[in-house]
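Number of protein chains: 2
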Amino acid sequence: MSQARERGIPDATVARLPLYLRALNGLAERGTATVSSEDLAVAAGVNSAKLRKDLSHLGSYGTRGVGYDVQYLIYQISRELGLTQDWAVAIVGVGNLGRALANYGGFVSRGFRVAALFDADVSVVGERLVGMAVDHIDELEDVIRKRGISIVVIATPAAAAQPVADRVIASGITSILNFAPVVLNVPDGVDVRKVDLSTELQILAFHEQRKADRESGSPIMAENLAEAMDA
Amino acid sequence: MSQARERGIPDATVARLPLYLRALNGLAERGTATVSSEDLAVAAGVNSAKLRKDLSHLGSYGTRGVGYDVQYLIYQISRELGLTQDWAVAIVGVGNLGRALANYGGFVSRGFRVAALFDADVSVVGERLVGMAVDHIDELEDVIRKRGISIVVIATPAAAAQPVADRVIASGITSILNFAPVVLNVPDGVDVRKVDLSTELQILAFHEQRKADRESGSPIMAENLAEAMDA
DNA sequence: CACACTTTGTGCATGTCTTCACAAAGGGAT
DNA sequence: ATCCCTTTGTGAAGACATGCACAAAGTGTG
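In the order they appear, the protein sequences are chains A and B.
Remember, the working numbering sits 175 above the position in the first sequence when you count from 1.
Remember, the working numbering sits 175 above the position in the second sequence when you count from 1.
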């Protein structure tokens with residue numbers, strides 16, 4: 176049974192697994208041993224049917240009439256996400272953002288480790304940050320290979336992002352997290368995820384403007400009513 | 176015609192408009208006057224059919240046989256996103272991340288303006304950053320009202336995020352950008368967008384693990400082949 | 001052991017998003 | 001004015017994601 180199991184997890188589901196994992200860790204800290212899909216769904220801010228379907232893609236880890244064992248589910252999701260191994264991450268660009276990322280404790284905690292820092296500015300090179308010395312960008316290829324880096328975070332100015340991406344890809348990296356506000360051009364097989372402040376603000380502005388329009392009562396009533404029904 | 180026009184833009188489309196806008200600004204800087212859907216799609220990293228369908232939701236702003244006028248399209252997208260007006264943004268939490276966000280020039284540029292900074296730490300209050308003095312969190316409600324803040328960025332530690340959200344919502348804010356790694360509980364009508372470093376890294380780790388599994392040749396060949404066909 | 005109660009896992013219907021493929025529309029040359 | 005070339009805008013099909021609603025499977029009590 177379950178032809179959908181054992182590889183073939185929908186992207187939408189993968190994107191929510193970290194959310195579930197965080198909610199579960201919160202429950203575990205409070206000493207909860209088991210949790211129902213309903214309660215976990217509330218904690219993660221999703222619909223319980225969706226949660227159950229998502230979890231069913233990993234396997235059948237719940238007990239009917241009882242719920243899910245918190246520790247066991249944490250383990251299974253961690254394993255599926257690859258967090259039972261250690262990932263060496265490099266941060267390229269030690270400006271304001273790069274420093275913030277390096278200092279951000281949350282991501283060092285589980286599975287990820289800052290194993291290299293790079294900058295092009297020689298006045299920054301050598302500086303120590305979270306116990307790591309900043310290397311010059313010229314050493315990029317060497318250090319990536321020597322320290323077994325497998326994920327690179329780009330926190331450079333926009334103009335530097337593409338050249339940096341080209342170089343890390345040439346060094347064999349296939350997973351990039353990009354904070355620079357540019358579309359990176361990469362070959363097939365390389366995964367890029369993008370985090371973009373101004374995009375998020377613009378999306379918020381769009382919805383905010385909508386709300387304002389609606390309140391100031393445009394005459395197109397039928398349309399406004401239709402919109403009001405979207406939750 | 177076009178019943179879908181004049182309000183009713185799909186979320187997926189809204190999320191891509193900032194991308195198009197950035198690509199168009201790049202073209203405009205290089206002096207390009209008109210652009211085809213094909214070229215713009217490449218610059219934005221999407222499929223051209225998708226681009227055309229997205230733009231068609233805003234109206235019919237292209238010219239067949241020619242393409243889109245770059246300046247005109249910039250204006251139309253900006254207007255749709257609400258960037259022709261000025262948005263006063265507050266940043267709550269002036270730690271590493273808050274400072275990075277405040278200093279990040281990219282989002283001040285177009286439509287957004289940092290109009291307030293808050294922190295709970297009295298040793299930070301009063302400090303000046305990008306021309307703004309940091310206010311104490313006790314002044315939150317007052318300052319939000321007085322300065323006409325309409326978007327709040329939460330860059331606090333996880334534990335502080337929910338109480339801050341409750342307070343800004345009580346002050347009438349309905350648009351929040353949350354950098355803290357927690358699910359915010361908010362009433363209907365309030366939009367929350369989330370930016371989460373560790374979630375993104377975990378998604379990358381998942382795919383990275385997959386690639387590694389595939390290379391080290393698990394014996395389940397049919398499945399691997401099927402996967403290899405996803406681009 | 002039987003029955004009542006809880007909660008999972010999933011088939012199915014519905015809704016949303018993507019992509020293809022082409023008719024319609026404009027520009028420019030002769 | 002006609003013809004050819006380019007490119008848009010969109011109908012229709014397919015892929016993907018969501019949510020309902022319920023059978024199946026477990027617990028616990030008497």
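We treat Cβ as the ideally placed atom computed from N, Cα and C, and that holds for glycine.
This structure is a prediction, so every number in the text was calculated from the model and none was measured.
Chain B residues whose Cβ lies nearer than 7 Å to that of residue i
| i | result |
| --- | --- |
| A:Arg-197 | Pro-356 |
| A:Leu-256 | Gln-377, Ala-380, Phe-381 |
Residue environment, residue i, which counts as buried when at least 16 other CB atoms sit within 10 Å
| i | result |
| --- | --- |
| B:Ala-406 | Bear in mind that a pLDDT of 30 at B:Ala-406, under 50, signals an unreliable position, so the number given afterwards is only what the model happens to contain. Answer is exposed; the Cβ neighbour count stays below 16. |
| B:Pro-394 | For B:Pro-394, the pLDDT reaches just 47, beneath the cut-off of 50, and the residue's location in the model is therefore unreliable, although a value from the coordinates is still provided. B:Pro-394 comes out exposed. |
| A:Asp-186 | exposed |
| B:Ser-235 | exposed |
| B:Thr-259 | exposed |
| B:Thr-238 | exposed |
| A:Tyr-247 | exposed |
| B:Ser-212 | buried |
| B:Ser-391 | exposed |
| A:Glu-383 | buried |
| B:Glu-255 | buried |
| A:Val-297 | exposed |
| B:Val-357 | buried |
For residue i, three-class secondary structure by DSSP
| i | result |
| --- | --- |
| A:Phe-293 | strand |
| A:Ala-265 | strand |
| A:Val-343 | helix |
| A:Ala-380 | helix |
| B:Ala-208 | coil |
| B:Ala-308 | strand |
| B:Ser-235 | coil |
| B:Leu-372 | helix |
| B:Asp-363 | coil |
Under 9 Å between C-beta atoms of residue i and residue j
| i | j | result |
| --- | --- | --- |
| A:Phe-381 | B:Gly-183 | no |
| A:Leu-359 | A:Gln-337 | yes |
| A:Val-289 | A:Gly-301 | no |
| A:Val-432 | A:Phe-293 | Outside the shown range of chain A (176 to 406) lies residue 432 of chain A, about which nothing can therefore be said. |
| A:Ile-344 | A:Ala-263 | no |
| A:Val-269 | A:Val-299 | yes |
| A:Leu-173 | A:Ile-249 | With chain A covering only 176 through 406, there is no way to say anything about residue 173 of chain A. |
| B:Gly-206 | B:Ala-218 | no |
| B:Leu-194 | B:Gly-220 | yes |
| B:Lys-228 | B:Ala-216 | no |
| B:Ser-346 | B:Glu-316 | yes |
Under 9 Å by beta carbon: chain A residues contacting residue i
| i | result |
| --- | --- |
| B:Gly-206 | Those do not exist, as B:Gly-206 stays about 18 Å from chain A at its closest Cβ, beyond 9 Å. |
| B:Asn-222 | Simply none; closest approach about 13 Å. |
| B:Phe-293 | None at all; the shortest Cβ gap to chain A is about 17 Å. |
| B:Ile-326 | Leu-376, Leu-379, Ala-380, Glu-383 |
Expected contact under 8 Å - CB spacing of residue i and residue j to nearest Å
| i | j | result |
| --- | --- | --- |
| B:Leu-379 | A:Asp-371 | No, B:Leu-379 and A:Asp-371 are not in contact; Cβ-Cβ is about 16 Å, not under 8 Å. |
| B:Thr-331 | B:Ala-355 | 6 Å |
| B:Ala-275 | A:Leu-272 | 4 Å |
| B:Ala-295 | B:Ile-312 | 5 Å |
| A:Val-339 | A:Ala-265 | No, A:Val-339 and A:Ala-265 are not in contact; Cβ-Cβ is about 10 Å, not under 8 Å. |
| B:Leu-199 | B:Val-245 | 6 Å |
| A:Thr-349 | B:Lys-386 | 6 Å |
| A:Arg-322 | A:Ala-291 | 6 Å |
Contact set between residue i and chain A, taken where Cβ atoms lie within less than 8 Å
| i | result |
| --- | --- |
| B:Ala-290 | Per Cβ cutoff of 8 Å: no residues; B:Ala-290 is ~13 Å from chain A at best. |
| B:Asn-278 | Asn-271 |
| B:Pro-193 | Asp-371, Ser-373, Thr-374, Gln-377, Ile-378 |
Listed by chain order, chain A residues near residue i by CB distance under 7 Å
| i | result |
| --- | --- |
| B:Lys-386 | Thr-349 |
| B:Glu-375 | Leu-352, Arg-368, Val-370 |
| B:Ala-335 | Within chain A, no residue comes near B:Ala-335; the closest Cβ sits about 14 Å away, beyond 7 Å. |
Residue i: contacting residues in chain B (beta-carbon distance under 9 Å)
| i | result |
| --- | --- |
| A:Asp-366 | Ile-378, Leu-379, His-382, Glu-383, Lys-386 |
| A:Pro-362 | The premise fails here: A:Pro-362 is roughly 11 Å from chain B at the closest Cβ pair, so nothing lies under 9 Å. |
| A:Arg-274 | Asn-271, Arg-274, Ala-275 |
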